[in-house]
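Data block below; observations after.
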Amino acid sequence: MARKYSLEKKAEADDSLLERLNPAQREAASHFEGPLLILAGAGSGKTRVMTHRIAWLISNKGVHPEEILAMTFTNKACHEMRERVDGLLEDQRASERVTISTFHSLCARLLRLHARKINLSADFVIYDDADQTSLIRRVMEDNDRGSERSEARRLRGFIEKMKNDALTPHQAHEQAFDGATEQDVDFYEAYQTQLRASNCVDFGDLILGVLEIFRLHPDLASSYSRQWRFVMVDEFQDTNAAQYELLKHLTCEHTNLAVVGDDDQAIYRWRGATVANILGFEEGFPTAKVVKLEQNYRSSQVILDAANDVIQLNWRRREKKLWTERQGGEPITYFTASDDREEAQFVAQRIFEMARDGLEYSSFAVFYRTNAQGRAFEEQLRFHGSPYQVVGGVSFYAREEVKDVLAYLKIALNPTNEVDLLRVINKPTRGVGKSTIDKLRVAGVFGQVEGLWGAVGYAVNDEPNTGPAPMQHGWLPGMGPGGALIDPALADVAGLKGRSLKGIREFHDLVVFVQDSLRASSSLAQTVQGLLERTRFFEWLLTSDPERAEDRQQNVAELVNAIAEFEKEWFPDPGERTKEPRAQRILRAFLDRSALIQSTDNLDERGAVTLMTVHGSKGLEFDTVFLVGMEEEIFPSIRDNDPDELDEERRLAYVAITRAERKLFITNAQRRRVYGTIRNTAPSRFVLDIEPERLKVDPRSSSRFVDFARPTYSNQRERWQKDLVAVGTKEWEFDQSPETRKGSIGKALDQLRARNSDDEFSQLTPWEDLPAAAAPENVHDVSHWGVDAGDPDDLTGKTVTHAKFGIGKVKAVSGKGDEAKLTIRFPTVGEKKIVRRFVRIL
DNA sequence: GGTGTTTTGGTTTTT
DNA sequence: CCAAAACACC
29 MARKYSLEKK AEADDSLLER LNPAQREAAS HFEGPLLILA GAGSGKTRVM THRIAWLISN
89 KGVHPEEILA MTFTNKACHE MRERVDGLLE DQRASERVTI STFHSLCARL LRLHARKINL
149 SADFVIYDDA DQTSLIRRVM EDNDRGSERS EARRLRGFIE KMKNDALTPH QAHEQAFDGA
209 TEQDVDFYEA YQTQLRASNC VDFGDLILGV LEIFRLHPDL ASSYSRQWRF VMVDEFQDTN
269 AAQYELLKHL TCEHTNLAVV GDDDQAIYRW RGATVANILG FEEGFPTAKV VKLEQNYRSS
329 QVILDAANDV IQLNWRRREK KLWTERQGGE PITYFTASDD REEAQFVAQR IFEMARDGLE
389 YSSFAVFYRT NAQGRAFEEQ LRFHGSPYQV VGGVSFYARE EVKDVLAYLK IALNPTNEVD
449 LLRVINKPTR GVGKSTIDKL RVAGVFGQVE GLWGAVGYAV NDEPNTGPAP MQHGWLPGMG
509 PGGALIDPAL ADVAGLKGRS LKGIREFHDL VVFVQDSLRA SSSLAQTVQG LLERTRFFEW
569 LLTSDPERAE DRQQNVAELV NAIAEFEKEW FPDPGERTKE PRAQRILRAF LDRSALIQST
629 DNLDERGAVT LMTVHGSKGL EFDTVFLVGM EEEIFPSIRD NDPDELDEER RLAYVAITRA
689 ERKLFITNAQ RRRVYGTIRN TAPSRFVLDI EPERLKVDPR SSSRFVDFAR PTYSNQRERW
749 QKDLVAVGTK EWEFDQSPET RKGSIGKALD QLRARNSDDE FSQLTPWEDL PAAAAPENVH
809 DVSHWGVDAG DPDDLTGKTV THAKFGIGKV KAVSGKGDEA KLTIRFPTVG EKKIVRRFVR
869 IL
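At position 717 of the first sequence (counting the first as 1) the number is 745 in the working numbering, and the numbers step up by one without a gap.
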């Protein structure tokens with residue numbers, strides 16, 4: 029077969045393509061056939077290597093673009109890779125023909141193509157987590173397994189685990205599991221049966237479904253394997269057993285599998301990922317070549333050293349040491365606040381100052397362990413007027429109102445999808461309550477109709493006015509019009525009347541209306557618009573929850589927008605003639621995309637501080653990073669009850685630290701509100717693991733908890749054992765007595781105090797203005813950073829800020845000094861009398 | 001069947 | 001403390 033692409037580029041292509049890579053990168057990028065493991069440390073240019081290898085295979089080895097498959101975990105990584113391959117290849121069309129995809133969207137495509145091989149129809153709908161949970165709860169009810177939330181959670185976890193481990197219910201029955209009973213496996217089977225009956229799949233099924241197909245039809249796997257002669261995988265450390273098996277199928281005809289990953293950055297163990305895949309890669313692929321990328325192009329030496337201090341204590345890892353040409357660097361600033369609020373104040377204050385001195389807001393990021401911690405930082409940033417964006421949280425497509433609209437569309441496509449049907453059968457409220465729904469469900473399960481939709485059809489069919497219902501699903505001959513009963517299970521449904529029946533009819537006709545519209549209309553956006561009008565959706569949002577109505581209406585409007593845009597981008601020709609109605613085709617494509625997309629994928633706002641969890645930060649980099657809430661029981665999390673999980677927390681800390689390019693702040697608080705109660709905290713062991721000389725303690729720190737001893741381990745095994753003990757007894761304690769402060773951060777603070785005046789911090793804030801050991805009731809007071817100037821008492825007309833009410837103007841003053849009472853006018857709440865020490869004068 | 005009120009329980013979350 | 005879900009009430 030002719031290999032055109034090599035002819036177009038001359039020998040010089042070889043050099044020009046790879047010459048900008050370092051030797052290790054070049055070795056990896058120019059690896060041709062056979063398995064390859066690239067151990068790529070943080071910031072060592074792994075995407076660069078992958079994209080160059082793709083380009084190199086095409087232009088220097090004559091590989092056809094169609095023969096290359098590159099897999100990522102996120103859409104974002106996928107887009108980035110495609111863009112960069114684009115940039116490297118002269119032939120634009122060549123790069124388009126490379127398959128670059130996330131695991132899940134590739135599998136969704138394969139599953140659609142071959143759905144029938146495992147008793148699915150090609151219009152299956154993809155359930156998200158919420159849908160999955162609601163199905164689980166229903167199956168629990170149907171099987172008398174109670175309805176406790178925690179039990180539902182546990183079962184969901186179990187099912188997810190089975191799927192991550194690539195086990196079908198049948199296989200699960202053959203294996204014994206710790207903590208799982210025979211009933212759990214039975215439940216898994218029942219759930220799976222229900223899922224298939226609804227013609228739906230969950231996320232786990234996307235992979236497992238394809239595995240089932242490949243297991244049943246090895247020839248099919250072979251043919252794909254022959255098509256994709258070169259397979260590449262990004263973030264390989266986060267693959268689970270199912271994804272690993274998928275890769276095995278895809279490489280059954282060759283062993284050209286190149287994986288890139290970093291075992292030190294494996295942070296999705298709780299999601300079923302297994303580091304064993306990367307640690308034991310050579311066992312699965314014995315002839316594998318291993319290349320280590322250890323030169324870091326992102327961070328300063330100080331930051332890398334700190335990261336290394338933390339990660340080197342892990343027990344099982346591939347030894348590597350990152351290095352950089354950027355020697356030295358700014359020391360890491362360590363700050364301990366007296367409470368969580370002060371911690372946030374500190375961060376917001378530093379950002380404010382640095383932004384004032386010329387740094388872009390977008391060069392800052394705040395990383396926390398749990399989403400709940402983000403609020404305090406939002407508040408303080410808002411108080412300073414600094415723009416910020418919170419990444420993560422509820423995805424756009426997971427919003428209630430958005431899901432409601434999509435539910436109607438999904439039902440129109442596939443009415444057997446009962447989760448969505450139950451979701452909106454009474455939305456907007458139309459008189460279909462619990463008892464009516466129960467009747468329908470009983471009929472759907474035991475009656476001679478097919479499922480819920482069948483029952484709905486039956487209920488509305490005996491009314492002469494509506495005419496025959498479209499019974500693609502579930503109408504049986506012999507079940508006469510006019511309510512001629514032949515089945516006792518349907519009696520209750522046939523007996524429905526009044527408001528309930530009217531409501532059911534309304535719902536039924538609505539779905540039919542959408543179905544008709546999908547067939548007739550050339551525009552999906554138009555169909556949705558019609559649906560919204562007919563249901564008076566916006567009105568309903570307003571009346572049902574006026575508080576949040578505006579927001580929610582906006583979200584729905586946003587959805588219509590997204591659909592219209594999607595339509596324009598992917599289906600630009602409205603007159604196009606196809607077998608399937610146009611709107612329906614668009615809907616199918618749109619649903620897949622919305623199921624597999626994450627809200628964080630396209631939210632790359634410029635000019636704002638980024639707030640996110642440490643998990644969210646993987647793969648990103650920022651000039652200045654604030655790693656906050658570094659306390660025992662938060663980071664590492666209190667939930668971690670075995671050493672493997674602690675190792676993962678350590679990796680998580682490593683990921684966070686290595687995101688910083690130039691400057692890293694580490695902060696914590698000595699007291700923190702946890703679920704409403706105030707708890708004392710201890711500094712995270714990960715902070716203590718960093719060599720003290722790399723940390724510069726900010727002198728504004730609350731001193732009490734800065735004075736602690738650094739635990740020393742003679743080796744990794746000891747560290748591991750200490751973690752074990754600590755975890756076992758939950759009594760990890762740091763000796764805080766002065767005598768035992770050897771090499772401690774406390775000592776560093778002492779030295780700092782001795783040096784006092786010429787310290788860089790004393791220029792930021794005069795030593796005198798530092799909060800002296802603040803009395804507890806002063807903790808929420810921001811005034812200790814306020815600096816008085818001019819006549820200290822006449823404040824009339826001055827602009828002030830208050831932690832709660834924001835910016836206001838002083839109208840009148842009575843009294844003197846800190847206790848003076850100010851009458852302040854706030855635009856938000858009007859006039860308030862406030863004691864002076866609670867406001868800050870601008 | 002629709003609505004307020006009490007109770008419960010609470011990581012991380014690429015798809 | 002705060003949001004979702006179960007519960008009680010109109």
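Quick reminder that beta carbons are idealized off the backbone N, C-alpha and C, glycines included.
Just measuring C-alpha positions, the residue of Ile-82, Trp-256, Thr-75, Lys-74 sitting nearest Ser-58 is Ile-82. Lys-724 is bridged by DSSP to Thr-361.
Under the 10 Å beta carbon count, Pro-720 is surrounded by 16 or more other beta carbons and is classified as buried. Per DSSP, the unbroken beta strand (DSSP E) holding Gln-417 starts and ends at 416–418.
The three-state reading of DSSP puts Tyr-396 in strand, counting E and B together. According to the DSSP assignment, Asp-651 belongs to the beta strand (DSSP E) that extends over 650–655. Taken through DSSP and simplified to helix, strand or coil, Met-168 comes out as helix. Between the segment 97–108 and the segment 119–138, the count of C-beta pairs closer than 8 angstroms reaches three or more; the two stretches touch. Beta-bridge partners assigned by DSSP to Phe-258: Ile-96. Judged by beta-carbon spacing, Thr-638 lies within the 8 angstroms limit of Gln-417, meaning their Cβ atoms are closer than that value. Counting only unbroken stretches of 4 or more residues, the alpha helix (DSSP H) elements lying wholly within the segment 432–467 are 446–452, in sequence order. Under the three-state reduction of DSSP output, Leu-570 falls in the helix class. Scanning its chain for C-beta atoms nearer than 6 angstroms, with the 5 sequence neighbours on each side dropped, one finds around Ala-68 the residues Lys-74, Val-288, Asp-290, Leu-321, in chain order. Under DSSP, the beta-bridge partners assigned to Arg-853 are Lys-837, Glu-859. 8 angstroms or more divides the Cβ of Ala-269 from the Cβ of Ala-316. Taking Lys-724 as the centre and dropping the five residues before and after it, the same chain places the C-beta of Pro-359, Thr-361 closer than 6 angstroms to its C-beta, in chain order. In the structure shown, Lys-691 falls within a strand segment according to DSSP collapsed to helix, strand and coil. Closest in C-alpha terms to Leu-139, from the list Met-78, Ala-684, Leu-239, comes Leu-239. A straight-line Cα-Cα distance of about 24 angstroms links Pro-711 and Glu-407. Boundaries cannot be given for Arg-173, as no alpha helix (DSSP H) includes it and DSSP labels it neither H nor E.
Residue burial annotation: Tyr-703 is exposed, with fewer than 16 other C-beta atoms found within 10 angstroms of its C-beta. In the DSSP assignment, the residues bridged to Asn-708 are Arg-699. In the three-state reduction of the DSSP assignment, Ser-366 falls in the strand class, which pools E and B. For Ser-129, the enclosing beta strand (DSSP E) stretches over residues 127–130.
DSSP places Thr-221 inside the alpha helix (DSSP H), whose first and last residues are 210–225. As DSSP reads the structure, Glu-661 sits in a beta bridge with Ser-665. Here the segment 451–463 does not lie against the segment 591–610, with fewer than 3 beta-carbon pairs under 8 angstroms apart. Of all alpha-carbon atoms in Arg-634, Thr-824, Ala-404, Ala-56, the one lying nearest the alpha-carbon of Arg-700 is that of Ala-404. Spanning the alpha carbons of Ala-150 and Gly-657 requires a straight line of approximately 47 angstroms.
According to the DSSP secondary-structure assignment, Thr-641 is paired through a beta bridge with Tyr-396.
Residue pairing by DSSP puts Ala-301 in a beta bridge opposite Asn-268. In the DSSP annotation of this structure, the continuous segment of the beta strand (DSSP E) that includes Ala-286 starts and ends at 285–289. In the structure shown, the three-state DSSP call for Cys-228 is strand. Val-77 carries a helical assignment under DSSP once its states are collapsed to helix, strand and coil.
By the Cβ test, the segment 212–231 is in contact with the segment 143–159, since at least three Cβ pairs between them sit closer than 8 angstroms. Under the 8 angstroms Cβ criterion, the segment 361–379 counts as touching the segment 410–428, having at least three qualifying pairs.
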